[in-house]
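Report on one structure; see the data block that follows.
Residue numbers (the numbering used here), protein chains in the order written: chain A, 7 to 208; chain B, 715 to 1044.
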């Protein structure tokens, strides 16, 4: 896909693919969460992305930015926990940064996601290395400079890199040393988001 | 796993329909997940709103009523409610005198209540928030999300609720709530993990003959695992963990709280041991409350919360309260 072809339909396909991936991987996300959290990440993400798809079906936005803001708003209103505000803010801020352009390039999407990731850092007060979704998001957005595939690979690698980390944010942080040795569920769902982005761009 | 449910997806809504049936003194909106005292908004009164994940019953819905909360919003099991619920609750109970959000220190609760406060202020409501963070098991809080909010939530909601009922202004109610937070510490112990309806199996593996020390209320494992101890030993460990952090100069309120699956026979026995330790450490006890108040589904175990109280806090604790789970003096 060339760089100038990312229209609203592309972003809708991305969100639908993300919803399917979350649905498919829900049990795995919950399993990862039960090791260091409270065993609900899969269900929560499933509920949120189902609402995203429903909202996009009911009212199809005509701009990429509007697709992401709508999706973000749905996640905030339906997910709860930390994932709702954090994923919601990621997509909403990204969408707002894209504005109402009818088409965006990969580089513009990267700039939008960069703004979204910054907003997530500000809201949650976390940084890469804290064993959170940021460990997948930050390298993925950097690699989006190169290609969608590179971004997906960087996100996956980032999620795997959380295994030896000690959690410093969120519920896993209460386990201290005992959080070491488990992959972070938030970084894992973030990797899914970038895997599906590469999938729909292919 | 056997549970008295239909399907995991409707557990929270079904429970709210039951609350509505049992408590006509409350308005229970099962669809939007907001529980409001029927006479709200109460004229000239600061409104108290709290909420958090379900699975901790009677917290918070069971504490809605005169002398305590004006509204509660329950989230999914162990998942914080969403901002829409909180804004709806705040709008329903605000009498124009402001709203105090009582928030337990968990990332999800903090973020959602923060968003809700901004949205409510956009709608012209005056909102203040108090963060409950009483759990001494979280020691190195610079490397974590900070101390968890657990049993002290009951003390905050009761005492701030009484202050609001007396007609104190928002700044004063908020200041008293903060004083309760600063004066309270908790420590929890699990004898078994809990099972969430969605997962259907225990959230962590705790072999027979072992216990977890320093657990929170979400089925997350604790800080340390040991061979099973007696009630006497657990009381020593829990109370000493609290006293290492809080050296009360004033008498304390004591909450001996069950996690959901420990019978009152055991909780009262444990309360006797807690009283013994406090007597040995020369800590004066003002009042003791024993029961299942801040639970963790079917987790077996207990927590201890101490709150040192001056004359005014004790008076507000003693003030009348009339809610499904806590009532006296009326």
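No residue lacks a Cβ here, since even glycine has one placed at the ideal position from N, Cα and C. No experiment lies behind these values; they were computed from the predicted model shown.
| Query | Result |
| --- | --- |
| Whole-number beta carbon distance between residue 819/B and residue 845/B, since they are thought to touch under 8 Å | 5 Å |
| Members of the segment 901 to 913 of chain B that neighbour chain A once the beta carbon cut-off is set at 8 Å | 910, 912, 913 |
| According to DSSP, residues forming a beta bridge with residue 765/B | 787/B |
| Residue 842/B - containing alpha helix (DSSP H), residue span | Per DSSP, residue 842/B belongs to no alpha helix (DSSP H); it is in the beta strand (DSSP E), 841 to 846. |
| Alpha helix (DSSP H) runs wholly inside the segment 28 to 99 of chain A, at least 4 long, in chain order | 47 to 64, 70 to 84 |
| Three-state class that DSSP yields for residue 940/B in the structure shown | strand |
| Inter-residue spacing [alpha-carbon to alpha-carbon] between residue 722/B and residue 910/B | 9 Å |
| For residue 152/A, the three-state DSSP class (helix, strand or coil) | coil |
| Residue 804/B versus residue 928/B - alpha carbon distance | 33 Å |
| Inter-residue spacing [alpha-carbon to alpha-carbon] between residue 60/A and residue 166/A | 31 Å |
| Delimiting residues of the alpha helix (DSSP H) encompassing residue 1000/B | Looking at the DSSP string, residue 1000/B is not in any alpha helix (DSSP H); the run it does join, the beta strand (DSSP E), is 999 to 1005. |
| Residue 921/B: contacting residues in chain A (beta-carbon distance under 7 Å) | Result: empty, since nearest Cβ-Cβ is about 16 Å, beyond 7 Å. |
| Beta-carbon spacing of residue 759/B, residue 794/B below 8 Å | no |
| Interface flag, residue 826/B vs chain A, CB-CB below 8 Å | yes |
| Heavy atom of the ligand PLP within 7 Å of residue 830/B beta-carbon | In terms of ligand content, the structure shown is empty, and the ligand PLP therefore cannot be addressed. |
| Residue 791/B: contacting residues in chain A (beta-carbon distance under 8 Å) | 46 |
| Straight-line gap, residue 43/A to residue 188/A (C-alpha atoms, nearest Å) | 10 Å |
| Residue span of the alpha helix (DSSP H) that contains residue 954/B, given as start and end | 945 to 957 |
| Contact list for the segment 81 to 96 of chain A against chain B, Cβ threshold 8 Å | 82, 83, 84, 85, 86, 87, 88, 89, 90, 91, 92 |
| For residue 1009/B, three-class secondary structure by DSSP | coil |
| Near-chain B residues of the segment 20 to 37 of chain A (beta-carbon distance less than 8 Å), N- to C-terminal order | 36 |
| Cβ contact (3+ pairs, closer than 8 Å) linking the segment 879 to 895 of chain B and the segment 749 to 765 of chain B | yes |
| Residue 1015/B at chain A interface by Cβ criterion, 8 Å | no |
| Residues that residue 932/B contacts on chain A, provided the C-beta gap is smaller than 7 Å | 44, 177 |
| CB contact below 8 Å: residue 40/A versus chain B | yes |
| Buried or exposed by the 16-neighbour rule on C-beta atoms within 10 Å, applied to residue 769/B | buried |
| Residue 174/A at chain B interface by Cβ criterion, 8 Å | yes |
| Selected residue, minimal CA-CA separation from residue 160/A, among 146/A, 171/A, 152/A, 170/A | 146/A |
| Boundaries of the alpha helix (DSSP H) in which residue 131/A is found, first to last residue | From DSSP, residue 131/A is part of no alpha helix (DSSP H); its letter is neither H nor E. |
| Cross-chain neighbours of residue 129/A in chain B, by beta carbon under 7 Å | 825 |
| Residue 883/B, buried or exposed, once every other Cβ within 10 Å from all chains shown has been counted against 16 | exposed |
| Contact set for residue 949/B: own chain, Cβ-Cβ below 8 Å, skip 5 residues either direction | 984, 987, 988, 990, 991, 1018 |
| Reduced DSSP secondary structure (H/G/I, E/B, other) of residue 873/B | helix |
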